[in-house]
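If you read the sequence shown in numbering that gives the first Met the number 0, its first letter stands for residue 0, the second for the next number, and so on. Quick reminder that beta carbons are idealized off the backbone N, C-alpha and C, glycines included. To keep things clear, I will list the structure first and then write my remarks on it.
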Amino acid sequence: MRDSFDEILTRDRPLAALTTWRIGGLARRFYEPRNAKEAAGLLAALEAAGQGWRVLGGGANVLIDDRPHETPFVSPARLQEFTIDGRLVTVGAGTSFPKVVADTVAQGLAGCEVLAGVPGQMGGICVMNAGGRHGEVKDVVDWLEIARLTGEVERLSADACHFGYRSSRLGPGLVCRVGLELARTDDVAALRRYSGAILKAKAASQPLREPSGGCCFANPSPELSAGQLIDELGLKGTTRGDAAISDKHANFIVNRGEARFDEVLELMELIERRALDERGIRLRRETAVWRA
């Protein structure tokens, strides 16, 4: 690795504070590139050194081992951008997505308000095609810029991203910038009412005041949500240490104090086992699990 990357390197970075679960050990090497070109150079250097790497953005939908991690982490946190050109909005991958929603609504741009309450950063939101019953981010994405392992920066059209249900096929690399195509409206108040109603409904049905990784599992079908299935299995309120399957929404595992990686993982595996054994349903995780 070139010495020049030392400027964007932090050693022994605590990860727990960077995740919404508040769980995670130390990253022996934690890189924060300042632009797409630097990100591409970093990834090329890691690739040339034969080293794997992990991207940690907003820290939602990821469960990180409590032990130290030798695998380098790459963060898009410094990739901050928010510019508007008519109906087109360019957003840095490290930009808070709730801020993107709030700022586009305030500017009278419609499209993101249906995603109110979705946590994370812009890049990660696109990688998993985050969304809910009102829409998905693919509905507003025009293009993505991705730093590749070759050292190049590539722009992909929305079609080339192959978005699916809570998924995309972007290929190896780091999302650095996102182009959104929204719709102009003069009725900002209507956008605010709409996003406000979604936030109110989520607050009533989800454990937003407790640390969690968000929904743990994708819905098995349009007719059966993962939360409903877990509730029907009688698992609401089940605990392991300070980790608990939420009484408010069974697809959330919450941290009620000092929950550990192994405790949360044990609850996830319990849910998976019971769903398969009792209902014949193989649940798909929305949560990435990163072992040290």
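By the 10 Å Cβ neighbour count, where 16 or more other Cβ atoms means buried, how is residue i classified, buried or exposed?
| i | result |
| --- | --- |
| T94 | buried |
| T286 | buried |
| S211 | buried |
| Q120 | buried |
| T18 | buried |
| E6 | exposed |
| L282 | buried |
| R12 | buried |
| P32 | buried |
| A47 | exposed |
When the Cα atoms are used, what is the spatial distance from residue i to residue j?
| i | j | result |
| --- | --- | --- |
| A43 | T9 | 19 Å |
| A159 | Q106 | 29 Å |
| P206 | R239 | 18 Å |
| V177 | D138 | 13 Å |
| E80 | V99 | 10 Å |
| H161 | K235 | 35 Å |
| E69 | F4 | 17 Å |
| R272 | E135 | 29 Å |
| R191 | D65 | 40 Å |
| R278 | E222 | 14 Å |
| S245 | A196 | 22 Å |
| V187 | C111 | 13 Å |
| A101 | L62 | 27 Å |
| G256 | L228 | 26 Å |
| G131 | L143 | 21 Å |
| D276 | S167 | 29 Å |
So which of the options has the shortest CA-CA distance to residue i?
| i | options | result |
| --- | --- | --- |
| R154 | R165, I83, G240, D141 | D141 |
| T237 | L264, S194, L114 | L264 |
| L179 | V288, D261, R86 | R86 |
| V288 | A47, C111, A59, A16 | A59 |
| A92 | P67, I124, A101, D84 | I124 |
| I297 | A182, S220, E257, D261 | Residue 297 cannot be examined here, being either before or after the span of the chain that is shown, 0 to 291. |
| L181 | D84, E231, R272 | D84 |
| S156 | P97, L169, R259 | L169 |
| S194 | G256, P97, D261 | P97 |
| A203 | K247, G256, G163 | K247 |
| G233 | A274, A189, V61, V88 | A274 |
| G163 | G40, A188, A129 | A129 |
Short of 6 Å in beta carbon distance, which residues of its chain neighbour residue i, apart from the five on each side in sequence? Order them along the chain.
| i | result |
| --- | --- |
| M127 | R165 |
| F260 | I22, D64, D65 |
| T82 | T89 |
Cutting at 8 Å between CB atoms, please list the residues of its own chain near residue i, excluding the five before and the five after it.
| i | result |
| --- | --- |
| C215 | A225, N250, F251, I252, M267, I270, R284, E285, T286 |
| N254 | W20, R21, I22, E209, P210, S211, D241, A242, V263 |
| N218 | S224, A225 |
| D230 | A249 |
| T184 | G107, L108, A109, L190 |
Note down, in chain order, each residue of its chain lying with its Cβ closer than 7 Å to the Cβ of residue i, except the 5 sequence neighbours on either side.
| i | result |
| --- | --- |
| L173 | A38, L42, V54, V73, P75, I145, A146 |
| P71 | R28, Y30, L45, Q50, W52 |
| A15 | R21, I22, G23 |
| G150 | A39, G40, A43 |
Measure the Cβ-Cβ separation of residue i and residue j and say whether it is below 9 Å.
| i | j | result |
| --- | --- | --- |
| V152 | A35 | yes |
| K201 | A115 | yes |
| V104 | H133 | no |
| G296 | G56 | A query on residue 296 cannot be resolved here, the shown segment of the chain reaching from 0 to 291 and no further. |
| C175 | L25 | no |
| L148 | P171 | yes |
| A291 | P67 | yes |
Does any residue of chain B have a CB that is nearer than 9 Å to the CB of residue i?
| i | result |
| --- | --- |
| A182 | Absent here is chain B; the protein component of the structure consists of one chain. |
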